[in-house]
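S.K.: Protein chains in written order, with my numbering: chain A, 1 to 338; chain B, 1001 to 1245.
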């Protein structure tokens, strides 16, 4: 970044602690305006470079994921900003059982009250941890909320007409997996893996100003990582040929793993995934249940957002563990119920 | 500086989404039911941007809080962390400058027909009209799950884009979405009879014809693709709502 901050006559100035004297530098606002101008000037070239069907499909899926997720990110942001700025920390201490082992299942069940998809629950879980909720409970909430809320369960019932056991199986398997992950975090998790940055800029502001500042920080943070996730998901979507999938549909074990992996790749909103699962008719119901349980908890988009909210060290451990636990929960519940 | 940058990026985000929702272009990417949420979200984002800018301008003289630029992480090393907020500019520029089209024959040819999701034998009688207009999904469901019983002896019109299959067959296709284009899946209907000459993949046509008891298996996933005997057809412009749901 030295190019943006020329410091004539001061070699190695960037290694020095900042001194009081203002240095001339190209500000972020000027950079932003310049970027827009360059993009507008390059428009003809940009359009020409993306005319292939594959490039268009990639771009369409990318922006669709961003557009579709934005309302939920905004909802999650407003709720988490309200938690950060308006709800006193003592509230959660009273609302949740004091013992973490009990707080985990309570938080997991509480996930049912948040109508939304996975993009909204990431900033909310971050705000809960900052507000002193034990991380294990906040993580159980993070995993269960997008999977077991009423909107998602109703969508599942509509997608699988005449198979109400699918709704029950999804509810149970998701709840089991999220509570299991909460407990697993209590047992094996280390505080240093989890990075939830403090918000020093919120201190000392009035309630209203703190609310707006929290909204702004969460929006650009969750939104920025959503973009990484959308890019990943769109890339995987056009690179992985769906034909591969149908080669393994007949093999019970591989089918479960394949659909669980598909859920990670596609990063479909949890409010829509039941309809995609319903159309995968060559697969067993248990394999499709694994798709529905894994999708809201681990996917390419969500991984990027979790890495952004809690740090990469956290995400690289938490996401694979969640994948395994979710698949096991789906297989166990599927074997009994489906 | 950071606050102002965030406010501008959020204004770009909110403004772009508002424009999409107002012009109807959003329907290329998400289902129509998302529009109210999109409008609400874009207004909230614009409000946050506006209030942030207003606070930044009116309270500039107040001594800034210590090191707001660092936002709580990565301080003291001289180099500043890359601000992920910048990434939000990317999809907005794609939307404003490139405006990629709704998914068409490329995606449809890679995925198998998704008729399985519509599986039901409980179909209402066909509406009145001669010819009667049906969605591709409705036609395919009636043809496959009801063995065309409700379609017998009726003139039907269907519209969609075309997709070339194996052996020179053309499929009339619509993408079905539940939330957004990431979950889009095709529904395919084979065309037989007077199939127009000179079709290109992705051309939109409206066909008039009748039910025929013939089915193919989709090479991608082995699901049934019903056929329609075409009597006449005409090229059309792509409709505003290109997806069925």
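Virtual Cβ for every residue (Gly too), placed ideally from N, Cα, C.
1. Which term fits residue 1240(B), buried or exposed, when burial requires 16 or more other beta carbons within 10 angstroms of its beta carbon?
2. Using the three-state DSSP reduction, which class does residue 1007(B) fall into: helix, strand or coil?
3. Under 8 Å, CB to CB, which of the residues in the stretch 1080-1108 of chain B have a partner in chain A?
4. I want to know whether the stretch 1100-1114 of chain B touches the stretch 57-67 of chain A - three or more CB-CB distances under 8 Å.
5. Any contact of the stretch 1219-1231 of chain B with the stretch 1188-1197 of chain B, i.e. 3+ C-beta pairs under 8 Å?
6. Within this structure, are the beta carbons of residue 142(A) and residue 167(A) separated by less than 8 Å?
7. Hey, quick one: how far does the alpha helix (DSSP H) through residue 166(A) stretch, first residue to last?
8. On the criterion of 16 or more Cβ atoms from any shown chain inside 10 Å, does residue 1243(B) qualify as buried, or is it exposed?
9. Take residue 171(A) as the anchor and find which of 110(A), 283(A), 252(A) has the nearest alpha-carbon.
10. Taking a contact to mean a Cβ-Cβ separation below 8 Å, would you say residue 1159(B) touches residue 1205(B) in this structure?
11. List the whole-angstrom C-beta distance separating residue 134(A) from residue 292(A), where the pair is believed to meet the contact cut-off of C-beta under 8 Å.
12. Could you check the C-alpha separation between residue 132(A) and residue 98(A) for me, to the nearest Å?
13. Can you tell me whether DSSP reads residue 1001(B) as helix, strand or coil?
14. Could you spell out the range, first to last residue, of the alpha helix (DSSP H) harbouring residue 231(A)?
15. Would you say residue 149(A) reaches chain B, if we count a Cβ-Cβ gap shorter than 8 Å as a contact?
16. In this structure, does DSSP put residue 305(A) in helix, strand or coil?
17. Using three-state DSSP, classify residue 146(A) as helix, strand or coil.
18. Near residue 1009(B), which residues of its chain fall below 7 Å by C-beta distance, leaving aside the five closest residues on each side in sequence?
19. Return the residues of the stretch 255-268 of chain A that lie within a Cβ-Cβ distance of less than 8 Å from chain B, sorted by chain order.
20. So, is the C-beta of residue 1164(B) closer than 8 Å to a C-beta in chain A?
21. Would you call the CB atoms of residue 339(A) and residue 128(A) closer than 8 Å?
22. Is it the case that the Cβ atoms of residue 1173(B) and residue 1245(B) are separated by a distance below 8 Å?
23. Going along the chain, which residues of its own chain have a beta-carbon closer than 6 Å to the beta-carbon of residue 176(A), five neighbours each way excluded?
24. Going by other Cβ atoms of all chains shown within 10 Å of its Cβ, with 16 needed for buried, is residue 1091(B) buried or exposed?
25. Measuring CA to CA, which of 317(A), 83(A), 333(A) is closest to residue 199(A)?
26. From 1036(B), 1218(B), 1165(B), pick the residue whose C-alpha is nearest to that of residue 1115(B); which is it?
27. Check residue 246(A) in the structure and name its three-state DSSP category.
28. Check the C-beta distance from residue 215(A) over to residue 77(A) and give it rounded, since I have them as a contact under 8 Å.
29. Per DSSP, residue 1224(B) is paired with what?
30. Helix, strand or coil, according to DSSP, for residue 1195(B) in the structure here?
31. What are the partner residues of residue 1188(B), as DSSP defines its beta bridges?
32. Out of 1005(B), 1146(B), 1180(B), which one is the CA nearest neighbour of residue 1123(B)?
33. Could you name the residues of chain A that residue 1130(B) contacts, counting a contact when the two beta carbons are closer than 9 Å?
34. Here's the rule: buried if 16 or more other CB atoms are within 10 angstroms of the residue's CB, otherwise exposed. What is residue 185(A)?
35. Going along chain B, which residues have a C-beta under 7 Å from residue 59(A)?
36. Let me confirm a value: residue 275(A) is counted as buried when at least 16 other C-beta atoms fall within 10 Å, else exposed. Which label applies?
M.R.: In short, the structure shows the following:
1. With fewer than 16 other Cβ atoms within 10 Å, it is exposed.
2. Here residue 1007(B) sits in helix by DSSP.
3. Here the close residues are 1080, 1083, 1084, 1085, 1086, 1087, 1088, 1089, 1090, 1091, 1093, 1094, 1095, 1097, 1098, 1100, 1101, 1102, 1103, 1104, 1105, 1106, 1107.
4. At 8 Å Cβ cutoff, the stretches touch.
5. Contact holds: three or more Cβ-Cβ distances are below 8 Å.
6. Not in contact: residue 142(A) and residue 167(A) (Cβ atoms no closer than 8 Å).
7. Its alpha helix (DSSP H) spans residues 164-188.
8. The residue is buried, with at least 16 neighbouring Cβ atoms inside 10 Å.
9. When each option's Cα is compared against that of residue 171(A), the closest is 110(A).
10. Yes, Cβ-Cβ distance for residue 1159(B) and residue 1205(B) is below 8 Å.
11. With a Cβ gap of about 28 Å, residue 134(A) and residue 292(A) do not count as contacting.
12. Rounded to the nearest angstrom, the two C-alpha atoms are 12 Å apart.
13. In the three-state reduction of the DSSP assignment, residue 1001(B) falls in the coil class, being assigned neither a helical nor a strand state.
14. Residue 231(A) -> alpha helix (DSSP H) spans 207-239.
15. With 8 Å as the cut-off, residue 149(A) does not count as an interface residue toward chain B.
16. In the structure shown, residue 305(A) sits in a helix (DSSP, three-state: H, G or I).
17. Three-state result, residue 146(A): helix.
18. Annotation for residue 1009(B): 1085, 1088, 1089 place their beta carbon closer than 7 Å to its own, counting only its chain and skipping 5 residues before and after.
19. Going along the stretch 255-268 of chain A in chain order, one finds 266, 267, 268 with a Cβ nearer than 8 Å to chain B.
20. Taking Cβ atoms only, chain A never reaches closer than 8 Å to residue 1164(B), which makes this a no.
21. Only positions 1 to 338 of chain A appear in this structure, which leaves residue 339(A) out of reach.
22. No.
23. If we look at residue 176(A) and ignore the five residues flanking it on each side, its Cβ neighbours are 329.
24. Counting Cβ neighbours within 10 Å, residue 1091(B) comes out buried, since at least 16 surround it.
25. Residue 199(A) has its Cα closest to that of 83(A), out of 317(A), 83(A), 333(A).
26. Checking every option, the nearest Cα to that of residue 1115(B) belongs to 1218(B).
27. Helix.
28. Contact between residue 215(A) and residue 77(A) holds: CB atoms are separated by about 6 Å, below the 8 Å threshold.
29. Per DSSP, 1217(B).
30. Three-state result, residue 1195(B): coil.
31. In the DSSP output, where bridge partners are listed per residue, residue 1188(B) has 1173(B).
32. Residue 1146(B) is the option with its Cα nearest to residue 1123(B).
33. By Cβ distance, chain A contributes nothing, its closest Cβ being about 31 Å from residue 1130(B), past 9 Å.
34. By the neighbour-count definition (other C-beta atoms within 10 Å, threshold 16), residue 185(A) is a buried residue.
35. Close partners of residue 59(A) in chain B (Cβ separation under 7 Å): 1094, 1098, 1100.
36. So residue 275(A) ends up on the buried side.
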